[in-house]
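Protein chains: 2
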Amino acid sequence: MNKLSKLIGNNIRSKRKNLCMNQETLALLAEIDRSYVGRIERGEVNLTVDKLYRICVILKCEAADLLPLHGDLS
Amino acid sequence: MNKLSKLIGNNIRSKRKNLCMNQETLALLAEIDRSYVGRIERGEVNLTVDKLYRICVILKCEAADLLPLHGDLS
Numbered sequence: 001m002n003k004l005s006k007l008i009g010n011n012i013r014s015k016r017k018n019l020c021m022n023q024e025t026l027a028l029l030a031e032i033d034r035s036y037v038g039r040i041e042r043g044e045v046n047l048t049v050d051k052l053y054r055i056c057v058i059l060k061c062e063a064a065d066l067l068p069l070h071g072d073l074s
Numbered sequence: 001m002n003k004l005s006k007l008i009g010n011n012i013r014s015k016r017k018n019l020c021m022n023q024e025t026l027a028l029l030a031e032i033d034r035s036y037v038g039r040i041e042r043g044e045v046n047l048t049v050d051k052l053y054r055i056c057v058i059l060k061c062e063a064a065d066l067l068p069l070h071g072d073l074s
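Right, here's the structure in full:
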């Protein structure tokens, strides 16, 4: 697992929890498999921009809100 | 090709050209196949965040600089 995927996964999880939303609801609304949402949040997948945007719509944020800055990766 | 991929491709191309960099140099430095860089810029691929970040490093920008806002997609 690389640091980028882990940071994105953490950001998605905290945005989701801020909305008091569980993984099942996020998966259903974003039309993503529930177990895949779990893998995304654990930083186990190299997310595509398409799925990133689908998740952003549901979490009511911009893609940039879920993405770490370069400085966060070093 | 969806609008998201096309907008990201356009953003990458214009950042690259602003740096007077050709596709070969971007591909070499980002360690991505040259023809794949062409497909990315034409909006033909669903880019992963890993490749997006590799490109950003070379183009000296943040990922958010290459990503459209939701409003740009409607």
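Order-wise, the sequence lines are chains A and B. Numbering of the first sequence is given in full-length UniProt numbering, commencing with residue 1 and proceeding in unit increments. Numbering of the second sequence is given in full-length UniProt numbering, commencing with residue 1 and proceeding in unit increments. Here a beta-carbon is modelled for each residue, glycine too, at the ideal position from N, C-alpha and C.
Next on the checklist: Using a Cβ-Cβ cutoff of less than 6 Å, which residues in the same chain neighbour Lys-3(B) once the five nearest sequence positions on both sides are dropped?
Outcome noted: Same-chain partners within the cutoff: Leu-73.
Next on the checklist: Can you list, in chain order, the residues of its chain with a C-beta nearer than 7 Å to that of Cys-56(B)? Leave out the 5 residues immediately preceding and following it.
Outcome noted: The residues are Glu-62, Ala-63, Leu-66.
Checklist entry - Leaving out five residues before and five after Arg-34(A) in sequence, what residues of the same chain have Cβ atoms less than 7 Å from its Cβ? => result For Arg-34(A), where only same-chain residues beyond five positions count, the Cβ hits under 7 Å are Gln-23, Glu-24, Ala-27.
Next on the checklist: I'd like to know whether the C-beta atoms of Leu-19(A) and Leu-59(A) end up nearer to each other than 8 Å.
Outcome noted: Between Leu-19(A) and Leu-59(A), the C-beta spacing is below 8 Å.
Checklist entry - How far does the alpha helix (DSSP H) with Gly-9(A) in it reach, from first residue to last? => result Following the DSSP letters along the chain, one finds Gly-9(A) inside the alpha helix (DSSP H) bounded by residues 3 to 18.
Checklist entry - Can you round the beta-carbon distance between Val-49(B) and Leu-47(A) to whole angstroms, since I take them to be within the 8 Å contact cut? => result Contact flag correct, Cβ pair sits at about 5 Å.
Item to check | Span of the alpha helix (DSSP H), counted from its first residue to its last, around Cys-61(A) | outcome: Run containing Cys-61(A): none; DSSP gives neither H nor E here.
Next on the checklist: On the criterion of 16 or more Cβ atoms from any shown chain inside 10 Å, does Glu-41(A) qualify as buried, or is it exposed?
Outcome noted: Buried, since its Cβ has 16 or more Cβ neighbours within 10 Å.
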